[in-house]
Amino acid sequence: MHTVQTASGEKEKRYTSMYKKLRSYIIDNNLQPGDVLPSEQTLCEMYGVSRNVLREALKGLTVMGVIKGCPGKGNIIQPFSVNELIDNVLFCAAQDNTEIIAQLLDVRKKLELAYMKEAYRTLTIPDIQNIRAILERIKKEWENNIYYHADDREFHMALFSRIDNAALHAIFSSIWDIDENFQVVKKMQYMGLTIAKHENIVLALEERNQEAFEAAMLVHFSSGKYAPGTKSKDLTFEET
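Written out as structure tokens, the structure is:
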């Protein structure tokens, strides 16, 4: 069957190809942070592409945190950052797509439950005292009708803070960023219920009761914050 390549599709194909060539150039030449890519004119001549196609490819590398354009210097290779990489990938994937956001929140839920045993084992007494302090701050904010997203985030990040896994922390952080302004009005209806579930988590930690901690975590996520694959009007907000 004959396939017709549209103008937009052809442009995308050229951009993708150029993006991969630039990525290979960086790897093949072992470019390090601080090194500078050849000039745009040189790259256009090297690969036989227009400046527009090249700039789209360079923009892709910039979004991924691989390079940074500096006036008068050119495109400079940046130090690798797993946080920036994951943050950019998830942000670009989500945008305003409610189904993707719901799926990401489901990923966070499943990761928290998967790592909760390790979280329990690694938390120290000072860590637990800090988690209690965060929860008490949340309670005061809620009493004053303040949306406590930032402290809710800090609460959950603190639970897993001792786990030595930079990628895990980056994924958690990025998903919390995406969730911050998503359906706030609907979420506000259930924030009071969430505090009670947080209290059970903290009590279990304070009592050093792993079974109770795991049970409290399961209850916290029992109904799921959002059901993946549903439309925005059908999303439920019983958990945060």
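Numbering (the numbering used here), first residue to last: 1144 to 1383.
Using N, Cα and C, we set each Cβ at its ideal position, and we do this for glycine too.
On a predicted model such as this, the values are computed, not experimentally measured, just so you know.
- About 7 Å separates the beta carbons of glutamate 1255 and methionine 1360, which is inside the 8 Å limit, making them a contact pair.
- A residue is called buried when at least 16 other Cβ atoms come within 10 angstroms of its Cβ; asparagine 1173 does not meet this threshold and is exposed.
- Within the same chain, Trp1319 come within 6 Å of arginine 1296 by CB-CB distance, once the 5 residues on both sides are set aside.
- When the beta-carbon positions are compared, leucine 1165 and leucine 1201 come within less than 9 Å of each other.
- Straight-line measurement puts the Cα of leucine 1266 at about 8 Å from the Cα of phenylalanine 1303.
- Within the same chain, Cβ atoms closer than 7 Å to the Cβ of tyrosine 1190 are found at Met1161 and Lys1164, the five residues on either side in sequence being excluded.
- Between tyrosine 1263 and glutamine 1353 a beta carbon distance of about 5 Å is seen, short of the 8 Å cut, so the two are scored as contacting.
- By DSSP's assignment, lysine 1211 forms a beta bridge with Ile1219.
- With a 10 Å radius around the Cβ and a threshold of 16 neighbouring Cβ atoms, valine 1328 comes out exposed.
- Glu1279 is the residue among Asn1308, Arg1305 and Glu1279 whose C-alpha sits nearest the C-alpha of aspartate 1294.
- Within the same chain, Ile1271 and Arg1275 come within 8 Å of glutamate 1349 by CB-CB distance, once the 5 residues on both sides are set aside.
- Judged by their CB atoms, isoleucine 1169 and valine 1209 are nearer to each other than the 9 Å cut-off.
- The C-beta distance from isoleucine 1244 to isoleucine 1321 rounds to 6 Å, short enough to fall under 8 Å.
- For valine 1179, the secondary structure class from DSSP, reduced to helix, strand or coil, is strand.
- 9 Å or more divides the Cβ of lysine 1252 from the Cβ of phenylalanine 1356.
- Valine 1179 counts as exposed, since fewer than 16 other C-beta atoms from the protein chains shown sit within 10 angstroms of its C-beta.
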